[in-house]
Amino acid sequence: MNRPADAVLRTLRTHAEAAAARAHVPYTQTPEAAVLLLSDGTYVPGVRIESATFSLLIPPLLGALTTATAAGRRDVVAAVMPRPLTAEEALLVRQALDVPCDTTADGTALRTTAALPPVGERLDPRLPGPPAPDEAAGIARARQIAERAHVPDSNFPVGCVLETTDGACVPGVNVEHPDWARILCAERTALSTALTYGLTPKRLYLTCLRDTGGSPCGACRQLLTEHAPDLPVIMDRGEAAPEHTTPSRLLPGAFRGDALATPST
Ligand code: THU
5 MNRPADAVLR TLRTHAEAAA ARAHVPYTQT PEAAVLLLSD GTYVPGVRIE
55 SATFSLLIPP LLGALTTATA AGRRDVVAAV MPRPLTAEEA LLVRQALDVP
105 CDTTADGTAL RTTAALPPVG ERLDPRLPGP PAPDEAAGIA RARQIAERAH
155 VPDSNFPVGC VLETTDGACV PGVNVEHPDW ARILCAERTA LSTALTYGLT
205 PKRLYLTCLR DTGGSPCGAC RQLLTEHAPD LPVIMDRGEA APEHTTPSRL
255 LPGAFRGDAL ATPST
């Protein structure tokens, strides 16, 4: 018997159902979302984001986890979906958190503690203040954000700030996971957060902190090209002036998936 915790999980499930409206599912038309609960009751949504390169799918729980990490939060106490988690999803959460957690009897949630806090506000991932006034300030901000990277395997922090059309600044960091196939780069983290919160990318500042030649990996080039092909990307070059590019210049001839099975409706 743990009635208050049941009510918490029910509320989180409702939030996950609502968040699913932002899923990007052109290939399956199966919108899905998940919600993480943090130790102070803040909740974090994540949505399913499909790519024309199917294997670059961002699952909802991973999206939520990377949004929380880029916001400087790893204090997850529960992970919830509107349906039972698959064994793979449960493993993703267990490995990411690396603390013991129980699965609820109905399989829709994992929790690290039986005494869950009441559900409070949705996490606001946006950085405080207006967009950077110039490029140097934009790069400086990305360098600060890189401090939030979760990089136990590479010790290679990457940070970015994705400005959006409504004047918001969305942080992104790389978030490593014991299963390397689950690692998201800073750029995909920021993009996934923006999509989850209904924000449209406008400009991206990127720093690979320890690598003044750093630029987006192939997977990030693919996702950025699908969602924002002409996005100005401003890359940190250390002491030298930043370098400018766009996803479509970084990935000429990208796979667009035009002939993939599309929904019949
Ligand atoms: N990484 C990024 O976050 N962005 C890039 O553009 C290049 C690579 C991260 C992912 C992983 O944590 C580490 O760098 C090694 O690939």
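For the sequence shown, the positions run 5 to 269 when the numbering used here is used.
Backbone N, C-alpha and C define an ideal beta-carbon position, used for all residues, glycine too.
The ligand THU heavy atom lying under 7 Å from the CB of residue i
i: SER158; result: yes
i: CYS224; result: yes
i: ALA74; result: no
i: CYS173; result: no
i: ILE149; result: no
i: GLU247; result: no
i: CYS105; result: no
i: ILE187; result: yes
i: ALA198; result: no
i: VAL162; result: yes
Simplified DSSP assignment, three categories, for residue i
i: VAL29; result: coil
i: VAL103; result: coil
i: CYS212; result: coil
i: PRO129; result: coil
i: LEU60; result: helix
i: PRO205; result: strand
i: ALA82; result: strand
i: LEU89; result: coil
i: ARG17; result: helix
i: PRO49; result: strand
i: ARG77; result: coil
i: MET5; result: Caution is warranted here: a pLDDT of 46 is assigned to MET5, below 50, making its placement in the model unreliable, and the coordinate value is therefore given only provisionally. Reduced to three states, the DSSP call for MET5 is coil.
i: ALA38; result: strand
Other residues of its chain near residue i: CB distance less than 7 Å, five sequence neighbours each side excluded
i: GLY67; result: GLY50, VAL51, ILE53, SER196 and THR200
i: GLU230; result: SER55 and ALA56
Contact test: residue i Cβ vs the ligand NAP heavy atom, cutoff 7 Å
i: VAL155; result: The ligand NAP is not part of this structure, which contains only the ligand THU.
Own chain partners of residue i with C-beta closer than 6 Å, once the 5 adjacent residues on each side are dropped
i: ALA223; result: LEU60
i: THR249; result: VAL237
i: PRO86; result: ARG17, ALA20 and GLU21
Hey, which unbroken runs of the beta strand (DSSP E) at 3 residues or more fall wholly within the region 118-199? 163-168 and 173-177
What are the start and end residues of each continuous alpha helix (DSSP H) run of 4 or more residues lying completely inside the region 217-265, in chain order? 222-231 and 251-254
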